[in-house]
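One structure is given here, and the rest of the page talks about it.
Numbering (this note's numbering), first residue to last: 1247 to 1848.
Quick look at the structure:
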């Protein structure tokens, strides 16, 4: 049998082989390490391998602690199972429910179109508008939902600006262009079409194409050059949306799962740490998001042809005509939405109330409204559940007293702003389980002494300057998460990073915050994040487009995080001082001697 045939057959069953071989290959851990630490490390390494290879679905791997920790004698089940629904999960759940109500009534689409009418239609400004809108929405919605909603809008605007994409690719063909086959030929990947918005496509077919086929006096070279420019801009639009969604998710605690993992593990390792809540995280991460968005916009606009003299000077040419058509399309779509109805206004009110109450519960620099309740009893999860509970009974139609006294009025069923069926369909239960698996793993690492044992073996890294360590940690996790789920990545490495900080006598937040944010900076590969995959699935991008743009985006992200941590981060979280809430962990691990066998873990 040929080698290629055997390799194909092995690939077909590679997940089953991993499920069989990985547990066997990791067995030496049970016999070469101290008993309880070895058993815990065995489970952690097993889960890490399954998460990275996806031999099992991520959520199924996350449930392994329920069966493995009790049977191996690491933790009893009554202490493992509660980790799957901590208050952090309720905060995440309330954010998801609020997001589903926004999507149900189309408020996110109104916000997106309004921003695009403000920023203008020149490519660079449109890219900025797309990035600002995507990042803002992904602060509250999931990154995946934001990308799936914004890409059809972007495609409609692009078709109004440049016409049909296939026609554009045909114009790029030239015997002088050796790469034309790559762009236009069979090597272009097309997986499946993105969700489309019929009204926009219908408008484009009637309005957008008439002006593009008028008498054209340009030479073939000019036509080809203009088409190549337009194709570059098109790719810039498609790339900027998933990138902005990933960046925007870091600005709020509920924006992305790694942020919640950080909070959960802080509460597990450092019960006395109350430095980070919704408001303090936003105060730190929102300026960082804006900084990175601006740098990312400069890079994407520069790379994909958006930065040119047209930003400063008005011209009357074909591009200007196309821009006018795109502006008309955006305004027409916004006009079709009509005035804000009662349901949209109600959702907007609850959304603002949700955000304001989370920000002001305990803002740290002034007393928050939580002082009116017993200290330590009211958390962000309580706030979130109170607000989203109202959505299930608040009416979606404006109440009217006259209805009660009018026998002729229609007796339509009462419809709340959100139904449980819609909320249930919108909640990604796999992420809830993934969060729980991470918290269960963190609890086992703490209780078994594995976290302390690992931290003691990382003492040689104390010689690395903390500022350099921040950049190395962020860079390492940003690269690792290109190939693994960002949630799984932070679950695996955050306990190690916390112990490293303790053993080098550095404020744990100084290492843990950059690690958490770095896990969201996956820009180079289509498989890195679901938003990247959605953009790539349009068939208009190639891997080399994402790699070329993403490498610099990763570098800009690492530098931005390092700047934030060493400027306003130091002032906000007092990172120059070793906190009192970390002292008990330091005393319990100070007696351990350093061994270098696990340096490669970091």
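We put the beta carbon where it would ideally sit given N, CA and C, even for glycine.
For clarity, every value in this text was computed on a predicted model and none was experimentally measured.
{"Query": "Span of the alpha helix (DSSP H) around residue 1281", "Result": "1281-1299"}
{"Query": "Residue environment, residue 1766, which counts as buried when at least 16 other CB atoms sit within 10 Å", "Result": "buried"}
{"Query": "Cβ-Cβ separation, residue 1545 to residue 1799 (assumed contact under 8 Å), whole Å", "Result": "7 Å"}
{"Query": "Residue 1791: first and last residue of the uninterrupted alpha helix (DSSP H) it sits in", "Result": "1789-1812"}
{"Query": "Beta-carbon gap between residue 1361 and residue 1379 smaller than 8 Å", "Result": "yes"}
{"Query": "Residue 1266 classed as buried or exposed, judged by whether at least 16 other C-beta atoms fall within 10 angstroms", "Result": "exposed"}
{"Query": "Euclidean distance between Cα positions of residue 1763 and residue 1646", "Result": "48 Å"}
{"Query": "Residue 1609 beta carbon less than 8 Å from that of residue 1494", "Result": "no"}
{"Query": "Pairwise C-alpha distance: residue 1476 and residue 1276", "Result": "59 Å"}
{"Query": "Rounded straight-line distance, which links the Cα of residue 1404 to that of residue 1398", "Result": "10 Å"}
{"Query": "Minimum C-alpha distance to residue 1325 - residue among 1255, 1387, 1573, 1692", "Result": "1692"}
{"Query": "Beta-bridge partners of residue 1641, as assigned by DSSP", "Result": "1662"}
{"Query": "Residue 1253, DSSP secondary structure in three states", "Result": "helix"}
{"Query": "Three or more C-beta pairs below 8 Å linking the segment 1588-1603 and the segment 1299-1308", "Result": "no"}
{"Query": "Contacting residues, own chain, Cβ-Cβ under 8 Å from residue 1662 (five flanking each side not counted)", "Result": "1637, 1638, 1639, 1640, 1641, 1642"}
{"Query": "Span of the alpha helix (DSSP H), counted from its first residue to its last, around residue 1384", "Result": "1369-1384"}
{"Query": "Straight-line gap, residue 1828 to residue 1262 (C-alpha atoms, nearest Å)", "Result": "43 Å"}
{"Query": "Span of the alpha helix (DSSP H), counted from its first residue to its last, around residue 1307", "Result": "1304-1308"}
{"Query": "Sequence-distant residues of its chain with Cβ nearer than 8 Å to residue 1344 (five each side left out)", "Result": "1386, 1596, 1597, 1600, 1630, 1633, 1634, 1637"}
{"Query": "Residue 1359 beta carbon less than 8 Å from that of residue 1580", "Result": "yes"}
{"Query": "When 1735, 1685, 1753 are compared against residue 1310, the one with the closest alpha-carbon", "Result": "1685"}
{"Query": "Through-space distance from residue 1290 to residue 1549, alpha-carbon basis", "Result": "42 Å"}
{"Query": "Identity of the residue in 1337, 1543, 1659, 1817 nearest residue 1371 by Cα", "Result": "1543"}
{"Query": "Separation of residue 1582 from residue 1314, as counted between CA atoms", "Result": "56 Å"}
{"Query": "Closer than 7 Å: residue 1779 CB and nearest the ligand SAH heavy atom", "Result": "Among the components of this structure there are no ligands whatsoever, and the ligand SAH is therefore not found."}
{"Query": "CB-CB length for residue 1733 against residue 1679, believed under 8 Å", "Result": "About 10 Å separates the two Cβ atoms, so there is no contact after all."}
{"Query": "Inter-residue CB distance, residue 1768 and residue 1492 (contact presumed, cutoff 8 Å)", "Result": "7 Å"}
{"Query": "Residue environment, residue 1355, which counts as buried when at least 16 other CB atoms sit within 10 Å", "Result": "buried"}
{"Query": "Residue 1376 beta carbon less than 8 Å from that of residue 1540", "Result": "no"}
{"Query": "Environment of residue 1489 [buried if 16+ CB atoms lie within 10 Å]", "Result": "buried"}
{"Query": "Residue 1441 in three-state terms, based on DSSP", "Result": "Note that residue 1441 scores a pLDDT of 40, beneath 50, so its modelled location is shaky and nothing firm can be said."}
{"Query": "Residue span of the alpha helix (DSSP H) that contains residue 1691, given as start and end", "Result": "1675-1694"}
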